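Residue numbers for the sequence shown, in the numbering used here: 128 to 381.
See structure below.
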Amino acid sequence: MKRTGLKDRLRRGDVVANAWLTIPSAFAAEVAAHAGVDAVTIDRQHAPIDVASMVAMLQAVTHAPAVPLVRVGSHDPADAMQALDAGAMGVICPLIDTPEQAEAFVRACRYPPRGGRSWGPTRAKFAHDGYDPDVADDEVLTFAMIETPRGLENLDAIVRTEGLDGVFVGPVDLSLNLTGRPVVDLEAGPLVDALQDVIGACATHGRIPGGFAGSGDDAARMRALGFRFVTVGADAAHATRGFEAAVRTLRAGG
Ligand code: 3PY
Ligand code: MG
């Protein structure tokens, strides 16, 4: 089984770009995965992406330079295992509030004796020739999402979870929780304070700080704060902005 090398790069301190996939389309996934990003994440929590679409999207990026991850929709270990068996090389788990939840999440992503992942890489064995439990355990990235006050309260205990690779912050949910509005302000205020706490906890415990950003500008701000696995926006939002800008240019020239 070939190593993706993404975890090593992140551990060395590289900043990697991650594209967020919300359009249930293999071709849209392929387009994003060839746009110079290091990773793509298929969002099964908020996007209308079912298992069949997830599999087709993973197939579409098999030969792309970007490493595929899945943001699962629940804490059900079966969801994480299914994403990995379909070929994902990392899982992002939303709304992690306690160390117990983080531990259960990591267990679902690691084979015995490290965890409780069941053997059955039904498609992963085609995407990753010679699928091997030890290599998979080393290479599969596990990111726990911190996006609630309870998650922040338990930040240190969550980050310390054995086998957890990193934290992935959800700034939209964090803002909603901290300010009452799902509006991300990365200049100053309670969200920035919370993000700095996450960066500090990751530095203390040697974990990868990752997070969502909706645009290149916010991604650069996340990088400046210290995040290293940085989302550079979602496919649908980029398409909307691109079309809107083109229409504006057309109208201005009329
Ligand atoms: C958040 O910002 O809350 C997210 O979950 C990103 O998708
Ligand atoms: Mg969220």
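For glycine and all other residues, C-beta sits at the position ideal for the given N, C-alpha and C.
Just so you know, these numbers come straight off a predicted model, no measurement behind them.
Candidates the options: which alpha carbon is nearest residue i's?
i: Ala-207; options: Ala-156, Arg-241, Pro-260 and Thr-269; result: Thr-269
i: Gly-337; options: Ser-180, Gly-242, Ile-219 and Val-267; result: Ile-219
i: Met-184; options: Arg-277, Ala-162 and Val-167; result: Val-167
i: Asp-135; options: Ala-364, Ala-160 and Phe-356; result: Phe-356
i: Gly-214; options: Ile-169, Pro-226 and Glu-230; result: Ile-169
i: Thr-331; options: Gln-186, Met-128, Thr-288 and Trp-246; result: Thr-288
i: Ala-351; options: Ala-231, Leu-322 and Ala-187; result: Leu-322
i: Cys-236; options: Asp-264, Glu-227, His-202 and Gly-247; result: Asp-264
i: Pro-248; options: Val-182, Phe-154, Val-143 and Ala-366; result: Val-182
i: Pro-221; options: Lys-252, Ile-285, Ala-159 and Arg-244; result: Ile-285
i: Gly-244; options: Ala-373, Gly-380, Asp-212 and Val-374; result: Correcting the residue type first, residue 244 is Arg in the shown sequence and not Gly. That would be Asp-212, whose Cα lies nearest to the Cα of Arg-244.
i: Ala-346; options: Ala-363, Ala-372, Ala-364 and Leu-313; result: Leu-313
i: His-365; options: Gly-343, Val-374, Ala-379 and Arg-378; result: Gly-343
i: Gly-363; options: Leu-137, Asp-141, Asn-145 and Ala-155; result: Going by the sequence as given, residue 363 is Ala instead of Gly. It is Ala-155.
i: Ala-153; options: Leu-137, Arg-250 and Ile-176; result: Ile-176
i: Ile-273; options: Leu-137, Val-299 and Ala-372; result: Val-299
Beta carbon of residue i, beta carbon of residue j: below 8 Å?
i: Arg-334; j: Gly-290; result: no
i: Ile-223; j: Ala-174; result: no
i: Val-199; j: Ala-191; result: no
i: Ala-361; j: Thr-189; result: no
i: Leu-282; j: Val-319; result: no
i: Phe-339; j: Gly-293; result: no
i: Leu-133; j: Val-194; result: yes
i: Met-128; j: Val-262; result: yes
i: Val-267; j: Gly-217; result: yes
i: Trp-147; j: Thr-275; result: no
i: Glu-230; j: Ala-187; result: no
i: Ser-180; j: Pro-151; result: yes
i: His-202; j: Gln-172; result: no
Taking just the CA atoms, how far does residue j sit from residue i?
i: Val-197; j: Arg-130; result: 18 Å
i: Arg-139; j: Asp-165; result: 15 Å
i: Pro-239; j: Ala-205; result: 16 Å
i: Arg-368; j: Gly-341; result: 11 Å
i: Val-310; j: Pro-317; result: 12 Å
i: Gly-353; j: Val-143; result: 12 Å
i: Val-178; j: Gly-163; result: 26 Å
i: Thr-376; j: Ala-159; result: 24 Å
i: Phe-253; j: Trp-246; result: 15 Å
i: Ala-415; j: Arg-308; result: This structure does not reach residue 415, given that the chain is present from 128 up to 381, and the question cannot be answered.
i: Cys-329; j: Ala-315; result: 20 Å
Mind checking who residue i pairs with in its DSSP beta bridge?
i: Thr-168; result: Trp-147 and Leu-196
i: Cys-220; result: Ala-271
i: Phe-295; result: Met-272 and Gly-337
i: Ala-361; result: Trp-147
i: Phe-121; result: Past the boundaries of the shown model lies residue 121; the chain is included only from 128 to 381, so the question cannot be answered.
* To do: Would you check if there are 3 or more beta carbon pairs closer than 8 Å linking the segment 238-258 to the segment 300-319?
  => no
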